[in-house]
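Peer 1: Below you will find the structure I want to go over with you.
Chains as they are written, first to last, in this note's numbering: chain Y, 612 to 725; chain D, 6 to 114.
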């Protein structure tokens, strides 16, 4: 299994809702990532988990809350989002947090905040 | 910030080779060059990577200049399905993948 699976593929939520994005990989990778991508822009790094511990938070607002329950799963909890948070949210994983391993990306969750 | 410079867009005729350049003049000796591509609204897809030597796989070839300050991704026989944004990324140990604007390649029939 060489896939990173993200659910749901599409999500529409109101500004008062609470929702979660899920990401799963079964490649034995120990580093997992959340990226945010606005339309016609490159992906921007949000969070990095290494060995199930949060190692990087790129100054992301607290309305985004990551969670890594185990080495195969990564969640992104969303609460009180703003319309400008509408974007494609990408999950990725790598063998380790090193450059020679490369990143494997999921197909993303397209989020719309109304 | 991204450590690379790429042209914003390129066109290529179907069946011809697509040569995508990337400048990385400040690359360090232990930094790798990676190429990814992203087809509309999908996750980025790994293509190839290298450190010093030229590399080839079933998707593409990567040519790195001897001084390592630039590289070229070659798609030998471009098809319409190769239309995508191509990202060149320079990364060293302990660093994270930072995406620049990339090159939007349009393969024309």
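Idealized CB from N, CA, C, for every residue including glycine.
(1) Do you know whose CA, among D:49, D:29, D:16, lies nearest residue 75 of chain D's CA?
(2) How is residue 714 of chain Y classed by DSSP in three states: helix, strand or coil?
(3) Give the list of continuous beta strand (DSSP E) stretches no shorter than 3 residues that lie fully inside the region 650–675 of chain Y.
(4) Please return the same chain residues whose Cβ sits closer than 7 Å to the Cβ of residue 114 of chain D, not counting the five positions on each side in sequence.
(5) Name, please, each residue of chain D whose Cβ falls closer than 7 Å to the Cβ of residue 718 of chain Y.
(6) Let me check understanding here. Comparing Cα to Cα, which of D:12, D:11, D:16, D:21 lies closest to residue 82 of chain D?
(7) Taking the alpha-carbon positions, what's the residue 69 of chain D to residue 102 of chain D distance?
(8) With a threshold of 8 Å, are at least 3 pairs of Cβ atoms found where one atom belongs to the region 678–693 of chain Y and the other to the region 655–670 of chain Y?
(9) Following the continuous beta strand (DSSP E) through residue 698 of chain Y, name the residue where it begins and the one where it ends.
(10) Give the straight-line distance between the Cα atoms of residue 623 of chain Y and residue 675 of chain Y, rounded to the nearest whole angstrom.
(11) What does a CB cutoff of less than 6 Å around residue 643 of chain Y pick up in its chain, not counting 5 residues either side in sequence?
(12) Please say whether residue 65 of chain D and residue 79 of chain D have beta carbons closer to each other than 8 Å?
(13) If the cut is a Cβ gap below 8 Å, which residues of chain D does residue 713 of chain Y touch?
(14) Determine the DSSP secondary structure at residue 678 of chain Y, reduced to helix, strand or coil.
(15) Taking 8 Å as the threshold (beta carbon to beta carbon), is residue 687 of chain Y in contact with chain D?
(16) If you follow the beta strand (DSSP E) that residue 16 of chain D is part of, which residue opens it and which one closes it?
(17) Inspect the beta-carbon positions of residue 638 of chain Y and residue 715 of chain Y and report whether they are closer than 8 Å.
(18) In whole angstroms, give me the CA-to-CA distance for residue 649 of chain Y and residue 655 of chain Y.
(19) Is residue 85 of chain D helix, strand or coil when you go by DSSP?
(20) Ends of the beta strand (DSSP E) at residue 37 of chain D?
(21) Taking C-beta pairs closer than 8 Å, name the residues in chain Y that residue 103 of chain D reaches, listed in chain order.
(22) What does a CB cutoff of less than 6 Å around residue 689 of chain Y pick up in its chain, not counting 5 residues either side in sequence?
Peer 2: Based on what the coordinates show:
(1) Residue 75 of chain D sits at position 70 when you count from the first residue of the second chain. Comparing Cα positions, the closest option is D:29.
(2) Position 103 of the first chain, counting from 1, holds the residue named residue 714 of chain Y. Here residue 714 of chain Y sits in coil by DSSP.
(3) 655–661, 664–668
(4) The residue you call residue 114 of chain D lines up with position 109 of the second chain. For residue 114 of chain D, same chain residues with a beta-carbon under 7 Å away, outside a window of 5 residues either side, are 19, 85 in chain order.
(5) The count along the first chain starts at 1 and reaches residue 718 of chain Y at position 107. Ordered by position in chain D, the residues that pass the 7 Å Cβ test against residue 718 of chain Y are 47, 48.
(6) Residue 82 of chain D sits at position 77 when you count from the first residue of the second chain. Nearest of D:12, D:11, D:16, D:21 to residue 82 of chain D, Cα basis: D:21.
(7) Start at 1 with the first residue of the second chain, and residue 69 of chain D comes out as number 64. Start at 1 with the first residue of the second chain, and residue 102 of chain D comes out as number 97. Cα to Cα, the separation comes out at about 19 Å.
(8) yes
(9) Locating residue 698 of chain Y in the first chain gives position 87, counting from the first residue. Looking at the DSSP string, the run of the beta strand (DSSP E) that includes residue 698 of chain Y is 698–705.
(10) Working through the first chain from its first residue, we reach residue 623 of chain Y at position 12. Working through the first chain from its first residue, we reach residue 675 of chain Y at position 64. If you take the alpha carbons of residue 623 of chain Y and residue 675 of chain Y, they lie about 16 Å apart.
(11) If you number the first chain from 1, residue 643 of chain Y lands on position 32. Around residue 643 of chain Y: 660, 685, 704.
(12) Taking the second chain and counting its residues from 1, one reaches residue 79 of chain D at position 74. Taking the second chain and counting its residues from 1, one reaches residue 65 of chain D at position 60. Yes. Within cutoff.
(13) Stepping through the first chain from its first residue, residue 713 of chain Y is reached at position 102. What residue 713 of chain Y touches in chain D: 39, 51, 54.
(14) Taking the first chain and counting its residues from 1, one reaches residue 678 of chain Y at position 67. It is a strand residue.
(15) Within the first chain, residue 687 of chain Y is the residue found at index 76, counting from 1. Chain D contact via Cβ: absent.
(16) For the purposes of this step, residue 16 of chain D is taken as residue 11 along the second chain, with counting starting at 1. 14–18 is the extent of the beta strand (DSSP E) around residue 16 of chain D.
(17) For this step, residue 638 of chain Y is matched to residue 27 along the first chain. For this step, residue 715 of chain Y is matched to residue 104 along the first chain. Yes, these two residues count as a Cβ contact at 8 Å.
(18) Translated into the one-based positions of the first chain, residue 649 of chain Y becomes position 38. Translated into the one-based positions of the first chain, residue 655 of chain Y becomes position 44. So the alpha carbons of these two residues sit roughly 9 Å apart.
(19) Reading the second chain from its first residue, position 80 is the one you call residue 85 of chain D. DSSP places residue 85 of chain D in helix when its eight states are reduced to three.
(20) Position 32 of the second chain, counted from the start, is the residue given in the question as residue 37 of chain D. First-last of the beta strand (DSSP E) with residue 37 of chain D: 37–43.
(21) Residue 103 of chain D sits at position 98 when you count from the first residue of the second chain. Ordered by position in chain Y, the residues that pass the 8 Å Cβ test against residue 103 of chain D are 656.
(22) Taking the first chain and counting its residues from 1, the one referred to as residue 689 of chain Y is at position 78. The answer, listed in chain order, is 630.
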